[in-house]
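Add 402 to the 1-based position in the sequence shown for our numbering, that's all there is to it. Where a beta carbon is used, it is the ideal one built from N, C-alpha and C, also for glycine. Here the structure is laid out as structure tokens; the discussion comes afterwards.
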Amino acid sequence: MAKTVFQKNQRVWVESIGCWATIEKIVPIWAKGFDEPVRVTYDVGLGREFQAAELKAEDKADGREGDALSNWRVLRARNKWQQEGDCAHHPHPGTYPVVVTDANDWGGWRTPGAEYDRDPYKMEYQARLIASAPRLHAIAREVLTLVADHPEDAPPALTALAQKIVAIERYLQEMPAAAPGT
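Structure follows, in structure tokens:
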């Protein structure tokens, strides 16, 4: 009996064509006398159906956490639009937070100067929250593992949290659709 390997809307690499595609439809092949499909193929919108052996799943973000996400941190950048004396009410006068997500101190999140000046404490909080996101994500994954390993022993409140985490995980793994006309 055949089992599905991929899910609808999952992004996959089509080995025989050499391009990325999204699973549009799962096509089970049924045979008389069997309760389950004897084969499963996948329609990815490339003109024919593909078997699971021809497709490769995209690497998940959590597989790269040790390298790519461990570099997230808050750095301080010099405030170019105001003098230090003009922003004495800021938590760190003369600087603003920059969240970098790369080992070479690039990429990430920056705040517009006017927005930082309007509410510097909010921007400082956002920077710390964004920089902490990979560690918070790892804790959430541990909760999922704990509930999955012992579902009968998990308290209902923890099970409800795990369901919320699964919904957020799905959102994180979604691939945005291409813009119309592109």
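Quick test of your reading: residue i and residue j, contact by CB under 8 angstroms. State the CB separation rounded to the nearest angstrom.
i	j	result
residue 577	residue 406	That belief does not hold up - the Cβ atoms of residue 577 and residue 406 are roughly 19 angstroms apart, past 8 angstroms.
residue 475	residue 533	5 angstroms
residue 415	residue 486	51 angstroms between Cβ atoms; not a contact.
residue 437	residue 473	About 50 angstroms; that fails the 8 angstroms criterion.
residue 546	residue 568	7 angstroms
For residue i, does the three-state DSSP call read helix, strand or coil?
i	result
residue 478	strand
residue 453	strand
residue 530	helix
residue 430	strand
residue 505	coil
residue 488	helix
Quick one, which of the options has its alpha-carbon nearest residue i's?
i	options	result
residue 442	435, 449, 456 and 448	456
residue 520	489, 542 and 419	489
residue 450	419, 560 and 432	419
Using a beta-carbon distance below 7 angstroms, is residue i in contact with chain C?
i	result
residue 413	Included in the structure is just one protein chain, with no chain C present.
Could you name the residues that DSSP lists as bridge partners for residue i?
i	result
residue 499	478
request  = State whether the stretch 517 to 532 contacts the stretch 487 to 505, with contact taken as three or more CB pairs (one from each stretch) at a distance under 8 angstroms.
outcome  = yes
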